[in-house]
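Below is one structure; the comments refer to it alone.
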Amino acid sequence: RKEVEQDPGPFNVPEGATVAFNCTYSNSASQSFFWYRQDCRKEPKLLMSVYSSGNEDGRFTAQLNRASQYISLLIRDSKLSDSATYLCVVNNWEYGNKLVFGAGTILRVKS
Amino acid sequence: EAQVTQNPRYLITVTGKKLTVTCSQNMNHEYMSWYRQDPGLGLRQIYYSMNVEVTDKGDVPEGYKVSRKEKRNFPLILESPSPNQTSLYFCASSFRDRGQTQYFGPGTRLLVL
Chain A
1 RKEVEQDPGP
11 FNVPEGATVA
21 FNCTYSNSAS
31 QSFFWYRQDC
41 RKEPKLLMSV
51 YSSGNEDGRF
61 TAQLNRASQY
71 ISLLIRDSKL
81 SDSATYLCVV
91 NNWEYGNKLV
101 FGAGTILRVK
111 S
Chain B
1001 EAQVTQNPRY
1011 LITVTGKKLT
1021 VTCSQNMNHE
1031 YMSWYRQDPG
1041 LGLRQIYYSM
1051 NVEVTDKGDV
1061 PEGYKVSRKE
1071 KRNFPLILES
1081 PSPNQTSLYF
1091 CASSFRDRGQ
1101 TQYFGPGTRL
1111 LVL
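Protein sequences appear in the order of chains A and B.
Going by my numbering, the letters in the first sequence line up with residues 1 to 111, in that order.
Going by my numbering, the letters in the second sequence line up with residues 1001 to 1113, in that order.
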């Protein structure tokens, strides 16, 4: 079983739609959680960190459920520019600042 | 400009011909790491370094070597490349403290024939 699992998609949505991605992780020792965005095999870039209390950044909302070991990302009012691969990432501090990546979920926003 | 640079960006080579991919960062980060990305598998850690002269294996270290003689540089060495090392490689760096944001280089596409 992979340590971080995501639905690979693709999610094909029209502009203006709301879309949600889910992710589960298996290592209960994981301490930090993130969503990264990756465009067309370019370098991953941090989208947002994820906290137990939930956090929001504009149209993006992330949630963490430690009991269920579940992370989510909600994108409201999708834009064409949101088309990308979204990577769910956990950080296990026992190996320094090691990041463990999910395989990614592809989002395609169409006009 | 704060950045992580990698060279070369693209490389085609043949089996067994030693190669080095360089990585350099200008942010005074202690922590540096190499990942490879393959379709359906996500990014997997190859090696990491917590500071100068301190390196350790990640999840897929076989066939790779690294060194950390200076804080800013963390080269990845393939002594005898094989076709299964064809991949997209990313270098990343961050401060050493837990949970610090990692910054990624632009990636190196390697094809081993």
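Idealized CB from N, CA, C, for every residue including glycine.
Considering only the alpha carbon of each residue, which of the options lies closest to residue i?
{"i": "R1009(B)", "options": "Y1103(B), T1020(B), E1079(B)", "result": "T1020(B)"}
{"i": "N72(A)", "options": "A29(A), Y36(A), K45(A)", "result": "According to the sequence displayed, residue 72(A) carries Ser and not Asn. Here the closest residue by C-alpha is Y36(A)."}
{"i": "I75(A)", "options": "S52(A), Q63(A), S68(A), Q69(A)", "result": "Q63(A)"}
{"i": "V1112(B)", "options": "V1014(B), K1065(B), A1002(B)", "result": "V1014(B)"}
{"i": "A17(A)", "options": "L87(A), L80(A), V89(A)", "result": "L80(A)"}
{"i": "Q6(A)", "options": "K42(A), V89(A), A67(A)", "result": "V89(A)"}
{"i": "F101(A)", "options": "S1082(B), N1026(B), I1046(B), Y1031(B)", "result": "I1046(B)"}
{"i": "Y70(A)", "options": "Y51(A), K42(A), L99(A)", "result": "Y51(A)"}
{"i": "R1109(B)", "options": "T1005(B), L1011(B), Q1003(B), D1097(B)", "result": "L1011(B)"}
Identify the contact partners of residue i in chain A, using a Cβ-Cβ distance below 7 Å as the criterion.
{"i": "S1094(B)", "result": "N97"}
{"i": "Q1102(B)", "result": "N97, L99"}
Run down chain B in chain order and give the residues with a C-beta less than 7 Å from the C-beta of residue i.
{"i": "N91(A)", "result": "G1099"}
{"i": "F101(A)", "result": "G1042, L1043"}
CB-CB under 6 Å to residue i, same chain, minus the five flanking residues each way: which ones, in chain order?
{"i": "A1092(B)", "result": "S1033, Q1102, F1104"}
{"i": "I1077(B)", "result": "T1020, K1065"}
{"i": "S49(A)", "result": "F34"}
{"i": "C1016(B)", "result": "The identity of residue 1016(B) in the sequence shown is Gly, whereas the question assumes Cys. Taken in chain order, the residues that qualify are S1080."}
{"i": "V1060(B)", "result": "R1044, I1046"}
Which chain B residues are close to residue i, counting only those with a beta carbon under 8 Å from its beta carbon?
{"i": "Q31(A)", "result": "R1098, G1099"}
{"i": "G104(A)", "result": "G1042"}
Residue i versus chain A: which residues are under 8 Å apart at the beta carbon?
{"i": "L1011(B)", "result": "Chain A residues near L1011(B): none, gap ~15 Å exceeds 8 Å."}
{"i": "Q1106(B)", "result": "The amino acid at residue 1106(B) is misidentified as Gln; the sequence shows Pro. The answer, in chain order, is K42, E43."}
For a test of the three-state rule: what should DSSP assign to residue i, helix, strand or coil?
{"i": "E1070(B)", "result": "coil"}
{"i": "Q1025(B)", "result": "strand"}
Residue i CB to nearest chain D CB: under 8 Å?
{"i": "Y1047(B)", "result": "Structure shown: chain D not included; protein chains present are A and B."}
Less than 8 Å between C-beta atoms, sequence neighbours within five positions excluded: which residues of the same chain meet that for residue i?
{"i": "F11(A)", "result": "V19, F21, T105, I106, L107, R108"}
{"i": "E15(A)", "result": "S78, K79, L80, V109, K110, S111"}
By Cβ distance below 7 Å, which residues in the same chain neighbour residue i in space, the five residues on each side in sequence not counted?
{"i": "W93(A)", "result": "Q31"}
Open item on the list: Can you pull out the residues from the segment 37-58 of chain A whose beta carbon lies closer than 9 Å to at least one beta carbon of chain B?
Closed with: Q38, R41, K42, E43, P44, K45, L46, S49
Task: Interface positions of the segment 1062-1094 of chain B facing chain A (Cβ-Cβ less than 7 Å), listed along the chain - done: L1088, F1090, S1094
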